[in-house]
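Asker: Just so we're aligned: 1111 in this note's numbering is position 363 of the sequence shown, and the numbers increase by one with no gaps anywhere.
In this text, a Cβ means the ideal position worked out from N, Cα and C, and glycines have one as well.
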Amino acid sequence: MLKKFDDTVKPHRNSAILGAAFLMATSAVGPGFLTQTSLFTEQLLTSFGFIIFISILLDIGAQLNIWRIITTSEKRAQDIANELLPGLGYFLAGLIAFGGLVFNIGNFAGTGLGINILTGIKPEYGAIVSFVIALGIFWYKQAGHLLDQFTKLLGIVMIGLTVYIAVISHPPVGEALYRTVWPEKIDVMKIVTLVGGTVGGYISFAGAHRLLDAGIKGSSSLQQVTRSAVSGILITSIMRFVLFFAALGVVWQGVKLGTDNPAAVVFRSAAGQTGYIFFGIVMWSAAITSVVGASYTSVSFWKTLSPSIAKNEKAVISLFMLLSVIVFVLVGNPVRLLIVAGAVNGIILPLALAVILIAAAKKKKIVQEYRHSLVLQLIGWLVVAVMSWMGWVTVQNTLFH
């Protein structure tokens, strides 16, 4: 457990609260996030602002429910699921681990690309260097504190560099804000993709489980948990909107982004070689923090189900990352696997959220004296319904078109 790692120095409570928000946010902001945001901006132009806005509302509704119920029950999601229906926690943990592993392969591809841009060495070697850095974070004596600081620092770096690109690309801000509330076109599949990429799969649980490890739990911590949950979504949303404005400014001038690496084209078109170097920094930062988030959260789903994993958590996290980087080095950029993992993560959200909501409403021994807000329950079930419907539409379009 990361809490166990911090035997000598316990992280400051406020640092852990903000660290959990950044862990969730930087887990969401990975290579896929950069690619999707740039590509969708080119396809929808100013109307993509509306897609981002709707996804933010769904994200907050989902995350508030998940984080508040997990921290007040003082149980991880898999344990809540097992108490609701024996065996369900293992099924949920299996889905999370699969999605996290496949995304981690893509995340290591992103670290390799980032280092390749900055140094010129092969992406495979760059991924191996990043693997060693990630290992150092988890094996450090004060791993929990280092994890919080690492994700916060790189999150700020990503946002700062992207803000610079957004400013010099001169996007049509007024038109974009207008279309954010009054869009010309709406694409349901893109809403599903954004929500799945922001709070789907392992991502929404990353911060909640981190708070448990930091000892921030129980009804007395609800205010801090709520602040951390909303902060995580807002940090992600700021990065999404900033990148949207940057890409919009570029495509508004008639630049074609292409499909291979649209985010790189955005940075390079706006600021030349300097922008391309900035993109390398942003890509590596996004990818390495997603590696850390995916590895930590995927293993956190198993450590209460298996005493041996709990006892050897650092070693299991290391093996999880090692497997991810080996597959990348041997196979290359697993585009198809990333698509499959994205679909799985989109399906996991309504399933996992429904389990959490039912447990809070029907199993009083799970949440004890805590009474979950009726308003939040209604919002949560709305998210479940909307994401289930949108997920079905997405599956149909993927299979038959």
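1) Can you check which of these residues, W1129, F886, Q1021, P931, is closest to N1060 by C-alpha distance?
2) Leaving aside the five residues before and after I765 along the sequence, list all residues of the same chain whose C-beta is less than 6 Å from its C-beta, in chain order.
3) On the premise that T910 lies in contact with A776, defined as a C-beta separation below 8 Å, what is that separation, rounded to the nearest angstrom?
4) In angstroms, rounded to a whole number, what distance separates the CA positions of L1067 and L843?
5) What number of angstroms, rounded off, separates the C-alpha of K751 from the C-alpha of G963?
6) Please list, in chain order, all residues of the same chain as G916 whose beta carbon is under 7 Å from its beta carbon, the five residues on each side excluded.
7) If you draw a straight line from the alpha carbon of S1072 to that of Y926, how long is it in whole angstroms?
8) Can you give me the C-alpha to C-alpha distance between W1140 and A924, rounded to a whole angstrom?
9) Helix, strand or coil: how does DSSP classify W1129 here?
10) Taking L861 as the reference, which of L1122, W1032, V1077, K1113 has the closest Cα?
11) Note the first and the last residue of the continuous alpha helix (DSSP H) segment covering V999.
12) How big is the Cα-Cα spacing for A1035 and T899?
13) In whole angstroms, what separates the C-alpha of T756 from that of A773?
14) Can you round the beta-carbon distance between G778 and S985 to whole angstroms, since I take them to be within the 8 Å contact cut?
15) For V1003, name the three-state secondary structure that DSSP assigns.
16) So, for L1070: in the same chain, excluding its five sequence neighbours on each side, which residues have a beta-carbon less than 8 Å away from its beta-carbon?
17) Tell me the residue span of the alpha helix (DSSP H) that contains V943.
Answerer: Looking at the coordinates:
1) Your numbering for residue 1060 matches position 312 in the sequence shown. Per the Cα distances, F886.
2) Numbered from its first residue, the sequence shown carries residue 765 at position 17. Result list for I765: Q972, S976, in chain order.
3) Numbered from its first residue, the sequence shown carries residue 776 at position 28. Numbered from its first residue, the sequence shown carries residue 910 at position 162. That pair is no contact at about 14 Å.
4) The residue you call residue 1067 lines up with position 319 of the sequence shown. The residue you call residue 843 lines up with position 95 of the sequence shown. Cα to Cα, L1067 sits roughly 18 Å from L843.
5) Stepping through the sequence shown from its first residue, residue 751 is reached at position 3. Stepping through the sequence shown from its first residue, residue 963 is reached at position 215. Annotation note: pLDDT 44 at K751 (below 50); position unreliable, no value reported.
6) Here residue 916 refers to the residue found at position 168 when the sequence shown is read from its first residue. The amino acid at residue 916 is misidentified as Gly; the sequence shows Ile. Once the five neighbours on either side are set aside, the close Cβ partners of I916 are A1018, A1019.
7) Stepping through the sequence shown from its first residue, residue 1072 is reached at position 324. Stepping through the sequence shown from its first residue, residue 926 is reached at position 178. When rounded, the distance between both Cα atoms is 42 Å.
8) Start at 1 with the first residue of the sequence shown, and residue 1140 comes out as number 392. Start at 1 with the first residue of the sequence shown, and residue 924 comes out as number 176. Cα-Cα distance, rounded: 29 Å.
9) Taking the first residue of the sequence shown as 1, we reach residue 1129 at position 381. In the structure shown, W1129 sits in a helix (DSSP, three-state: H, G or I).
10) Residue numbering aside, residue 861 sits at position 113 when the sequence shown is read from its first letter. Out of L1122, W1032, V1077, K1113, W1032 has the C-alpha closest to the C-alpha of L861.
11) Taking the first residue of the sequence shown as position 1, residue 999 is located at position 251. That run of the alpha helix (DSSP H) goes 970-999.
12) For the purposes of this step, residue 1035 is taken as residue 287 along the sequence shown, with counting starting at 1. For the purposes of this step, residue 899 is taken as residue 151 along the sequence shown, with counting starting at 1. Spanning the two alpha carbons is a distance of roughly 11 Å.
13) Reading the sequence shown from its first residue, position 8 is the one you call residue 756. Reading the sequence shown from its first residue, position 25 is the one you call residue 773. Only weak support exists for where T756 lies, its pLDDT of 38 falling under 50; the coordinates are left without a value.
14) On the sequence shown, residue 778 is found 30 positions in, with the first residue counted as 1. On the sequence shown, residue 985 is found 237 positions in, with the first residue counted as 1. Contact doesn't hold; Cβ gap of about 15 Å is too wide.
15) By 1-based counting over the sequence shown, the position of residue 1003 is 255. Reduced to three states, the DSSP call for V1003 is coil.
16) On the sequence shown, residue 1070 is found 322 positions in, with the first residue counted as 1. Excluding sequence neighbours, L1070 sits near F879.
17) The residue labelled residue 943 in the question sits at position 195 within the sequence shown. 936-947 is the span of the alpha helix (DSSP H), which, as asked, contains V943.
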